[in-house]
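Working notes, beginning with the structure itself.
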Amino acid sequence: MSENTSATTSVETKEYPYNLWWGVLACVAIMGVIIGLGPYDEGFVLPPDQGDFWYEWKLAEPTFWTRFTAWGGMRCTR
28 MSENTSATTS VETKEYPYNL WWGVLACVAI MGVIIGLGPY DEGFVLPPDQ
78 GDFWYEWKLA EPTFWTRFTA WGGMRCTR
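If you read the sequence shown in the working numbering, its first letter stands for residue 28, the second for the next number, and so on.
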């Protein structure tokens with residue numbers, strides 16, 4: 028008596044709500060906005076280096092609100 032077993036394999040394909048091309052199109056659109064608005068950059072000048080514990084993005088005149096939002100935001104994440 029010979030048993031005849033046939034195994035059927037089913038390939039499952041995932042259906043994604045968005046196609047890869049939509050992601051590529053979104054990236055190209057964002058790059059286009061950045062390149063298009065590039066000439067309208069104010070071109071601010073960074074101050075010269077002032078030694079240790081100094082960085083270019085440091086505010087020249089920090090106020091209460093700038094310190095509060097920076098340190099308060101950091102405090103909320105801990």
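Glycine included, every Cβ here is placed at the ideal spot set by N, Cα and C.
Item                                                                                                                : Value
Reducing DSSP to helix, strand and coil, say where residue 80 ends up.                                              : coil
Whose CA, out of 90, 88 and 73, lies closest to the CA of residue 82?                                               : 73
Let's see if you can read the secondary structure: which residues bound the alpha helix (DSSP H) around residue 65? : Unbroken run through residue 65: none, as it is neither H nor E.
Could you tell me the boundaries of the alpha helix (DSSP H) in which residue 97 lies?                              : 91 to 103
With C-beta atoms as the reference, is residue 86 less than 8 Å away from residue 93?                               : yes
Consult DSSP for residue 55 and reduce its assignment to one of helix, strand or coil.                              : helix
Residue 68 to residue 102, Cα distance in whole Å?                                                                  : 32 Å
Between the C-alpha atoms of residue 46 and residue 65, what's the straight-line distance to the nearest angstrom?  : 29 Å
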